[in-house]
Amino acid sequence: MKMSPLPLLLAACFTSTSLVPAHAAKPVAAAPKAQLKVDYQKFTLPNGLEVIFHIDRSDPVVAVNLTAHVGSAREKAGRTGFAHLFEHLLFLESENLGKGGLDKMTARIGGSGANGSTSQDRTNYLQTVPKDALEKMIWAEADKLGWFINTVTDPVLAKEKQVVKNEKRQGVDNAPYGHTRYVINKALYPADHPYNWQVIGSLDDLQNATLDDVKEFFRLWYVPNNVTLVLAGDFDPVQARKWVEKYFSEIKRGAPIAPIAKRPGILKETVKLAHEDNFAKLPELTMAWPTVEDLHPDSYALEVLGEYLSQTKRAPFYQVLVEDSKVAPGVQMGNQSSEIAGQFMLRVRAFENKRLDEVALEVDKAFAKFEKEGISERDLNRIKAGLETRFYNSVSSVLGKSALLAEYNYLTGNPGYVAEGIKKTLAVSTADVRRVYDTYIKGKPYVATSFVPKGKLALALSGSGKADVVEEKVVQGAEAAVDPSKNAEYARTPSSFDRSKEPAYGPAPAVKVPQVWDTRLANGMRVVGIENREVPLVQFDIAIDGGLLLDQADKVGVANLMARMLTQGTANKTPQELEEAIQQLGATINVSARTEEVRVSVNTLARNFQPTLDLVQEILLAPRWDDKEFALIKQSVLSQIRQQDAEPNALASRNFAKLIYGKDDPRSRNILGTADSVNAITIEDLKAYYQANLSPSVARMHVVGALPKATVTRSLAALGREWKAKPVALPAVASAAASAPAKVYFVDVPDAKQSVLQVGYRALAVTDPDYYPATVSNYILGGGGFASRLTQQLREGKGYTYGINSSFGGSKSAGPFVIASGVRSNVTLESAQLVKQILQDYPASYSAADLETTRNFLVKSNARAFETASAKLAMLDNMSKYGWRADYLKERERIVQSMTLPQVQALSQKYLDPSKMVWLVVGDAKTQLPRMKELGFDEPVLIAK
């Protein structure tokens, strides 16, 4: 992926962690009255390009989604990773946009950021832009498809290989259990099967890729007759069709592409493999059975089977492995289907030093329990109950709708197939669930992997062979320097008109600030809301100030445990009964502790708002304090803490907070606590925290959804009466105190393939007059994605990293300025030196053009500011927390428009001074620590994890 290793499947009705279509959603017990569908228009150009339009007038934005029906399954053995490599290359340059043209244009037009993702079966390129930039985006997408390949040169390819290899190091090689899927797929599929290798490919294959290989791949698969273009949003379909025809029609059709044959994995016998994982602190068992591909009639029942077996307190695996034997804090199961094959996956991350043979015995017991009891109609209906909510969540943004339409189009040729998938899920019976279990799981061979901590191979399943995992050695200077900055020389691709001129903007969109209603309950709690009828949902949250700040220094972790316990039953409902009551409404209710608050977050159908609110009131006012649940949650938290001890990013976050806040500030502490503090916490500590600190006097509520103020306030009357206010003493607002001295601090993770860098200091409160101007000043440094200097120089220029960013954070108290990245281990020093140089040069080199780019982005992007319910909730949260007016974004526009070049330069000198910052490195000390003295901050300080 371009920006993030996370898959961009925005259809929330997809329940699998793989890239699968929306049939995986769980439907309601009775089919909803309104048909769950997404309206669309579709046409096909003579060259084979399939074009889909969806009109949504709710916000002045359009999602543009170009999906090529090519993923890693179309690669050749020995040339793996090409599909994903292309996802990167297509953002870099095309003949008419020029070098970095798409990213530069995105910043100018206020787009969401050019992004993409690759699966086994497809690659997509997508972003949301203000509606006045639609013609520009259609022009740019056509340029990528028809006027791109000549711009790829050997230096460009060499640099992007380094970026992709950094992505693999970050997401696989330097991550706990990162190689699991690689080991499973190698065993589950034969060597010539398209799913035998991973989407990211191998480092060797990437390195061996030649320019001719790349061009051959593009000409085979990036042709109009293998591509779907989706436009979803507020636009004129007649005009948009003319633009699509103008810019895409002369791109030549490619050779016919035969459908790829369905080919399930085949196992003749069970395969057991083990690996000692450098980043694992807990043993993990993963099991995989070959099943069926997407849209197969059995795929729907397999999805239901996975959820029933593991995902609730009634689930056989939860009852046997979590509650009875207590071998693990949880179990993950599900069917993961792709275009030509699928696999049913089970994953258990056991408690520390637990033998996986013992875990496997409990797995057998859980399956036996299911075989004896089966699944009831009641449980099946409960599982189906969330379909409507999940569907509406999936289509609450134009980007989500574009992904849904494109996905079904390339799989079936019918963008509206979602309605058919929902019908098939609704039709699943208890007999179907049992039948697919008997057909694909019971007594069938499987692949089992044991990933265990270094030196603890004895914890692996008996009879396991050694997994063949290729691990990169850190060698200083192993990669040659690359210089992709030179302009490529090539023959330009002909066109019937001049494509070099970027199209003009359309009429500027009118950005309307949502109308906000405001009230207070009888207990004094402020409630702010926005009526929004785009989908029949209500999302709301209640923020209760305190959180970690109110933990006692010797009992850190109480707030987190207390928050988790609130959803584990009530005085009137067992944990299982509460869980079922929530699920029958198709709702979700989560309670979490954060640094400065405890937050209740809720998502429900508008027609179920009152019964959902009744459950929230019961959770808040009548907690159960179940001793059994407390013991389970406590053990789960201890496992989380243990795993963090080996996870480089978690180590970086924990230690950076300690350095910039100092040990006496609660913000320096891990919200989970430490093993010692958690072990010392009793259930009485949780009750005391609850009694002292959860009060409407320090709470505020935010509501967004398809209900008017009168209905919401009427429903809240009981909560206003019953939840009594009391005084709560909150810590005083904290200004920025001195961080640790500006030095290099190093946390050792032996044999790390990347170094995690966090550079910064405690800077500003959100309420400081300089906070937003400083954020504006940071846009070109590292806040602007691919428009930023940090990204352009460390990723695009040097290939040192997969991603780097900088940001200001905070609240009413001063928060951090931080630069964060994961860099190739053997350029740790060089990366830090380049960051330092960029910071030193930034004030003097910041230009009028930089300021204009910043202005364009920050003003034009406001067209997207209120599109989703989450964005509206964030707006309400800012209003209630900081006392801002509803039109605070308009005030920010005025600040941006009035800022001058000298002002930005002065702010940069004041707040972006590298000599005030701590330089934290989490990496391999034996190879990288000695070199860090050259950064110029005296001797590096080695600190304990």
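Quick note on our numbering: the sequence shown kicks off at 6 and runs consecutively. Note that CB positions come from ideal geometry on N, CA and C, so glycine has one too.
- When C-alpha distances from Phe223 are compared across Val423, Leu95, Arg525, Asp437, the shortest belongs to Leu95.
- With 16 or more neighbouring CB atoms inside 10 Å of its own CB, Ile824 falls in the buried class.
- DSSP places Thr873 outside any beta strand (DSSP E), giving it a letter other than H or E.
- Just so you know, the alpha carbons of Pro746 and Tyr851 end up roughly 27 Å apart.
- Judged by DSSP secondary structure, Ala697 falls within the alpha helix (DSSP H) whose first and last residues are 688–698.
- For Trp294, the three-state secondary structure derived from DSSP is strand.
- Judged by pairs of C-beta atoms under 8 Å, the region 248–258 does not touch the region 70–84, as fewer than three such pairs exist.
- The C-alpha of Arg525 is placed about 44 Å away from the C-alpha of Gly121.
- A straight-line Cα-Cα distance of about 37 Å links Gln759 and Lys877.
- Three or more Cβ pairs closer than 8 Å define a contact, and the region 327–343 meets that threshold against the region 305–314.
- Residue pairing from DSSP places Ser811 in a beta bridge opposite Ile824.
- Restricted to the region 79–107, the alpha helix (DSSP H) segments that are unbroken, complete and at least 4 residues in length are 87–94, listed in chain order.
- Taken atom to atom, the span from the alpha-carbon of Leu300 to that of Val228 is near 26 Å.
- Membership of Pro907 in the alpha helix (DSSP H) is indicated by the continuous run 906–916.
- About 19 Å separates the CB atoms of Thr859 and Val771; that is not less than 8 Å, and the two are not in contact.
- Spanning the alpha carbons of Glu146 and Glu536 requires a straight line of approximately 36 Å.
- Apart from sequence neighbours up to five positions away, the residues of its chain that approach Ala472 with a beta-carbon distance below 7 Å are Val188, Leu278, Ala279, His280, Thr454, ordered along the chain.
- Cβ neighbours of Ser467 within its own chain (closer than 7 Å, five residues either side excluded): Asp362.
- Val75 and Ala245 have their C-alpha atoms spaced approximately 26 Å apart.
- In the structure shown, Ile427 falls within a helical segment according to DSSP collapsed to helix, strand and coil.
- For Tyr666, the enclosing alpha helix (DSSP H) covers residues 653–666.
- Under the three-state reduction of DSSP, Pro945 is assigned to coil, being neither helix nor strand.
- Counting along the chain, Arg352 sits inside no alpha helix (DSSP H); it lies in the beta strand (DSSP E) bounded by residues 347–354.
- Taking 4 residues as the minimum length, the alpha helix (DSSP H) runs contained wholly in the region 149–216 are 159–173, 185–193, 208–213, in order along the chain.
- In the DSSP assignment, Ile60 falls within the unbroken beta strand (DSSP E) covering 55–60.
- By the Cβ rule, the region 344–362 counts as touching the region 643–652, because three or more pairs are nearer than 8 Å.
- Non-local C-beta neighbours of Ser606 in its own chain, meaning closer than 6 Å and more than five positions away in sequence, comprise Asp546, Asn595, ordered along the chain.
- Between His707 and Leu431, the C-beta spacing is not below 8 Å.
- Our two residues, Asp239 and Ala868, have alpha carbons roughly 11 Å apart in a direct line.
- Within the model, the alpha-carbon separation for Val441 versus Met884 is close to 51 Å.
- Leaving aside the five residues that flank Arg352 on each side, the residues in its chain whose CB is nearer than 6 Å to its CB run, in chain order, Thr291, Gln337.
- Per DSSP, reduced to three states, the secondary structure at Ile535 is strand.
- The C-beta separation of Ser830 from Thr932 comes to about 7 Å, placing the pair in contact by the 8 Å criterion.
- Considering only Arg127, Asp681, Gln838, Thr575, the residue with the shortest C-alpha distance to Asn414 is Arg127.
- At least 8 Å separates the beta-carbon of Tyr694 from that of Ala558.
- Secondary structure note for Asn861: it is in no beta strand (DSSP E), and the uninterrupted alpha helix (DSSP H) holding it is 853–865.
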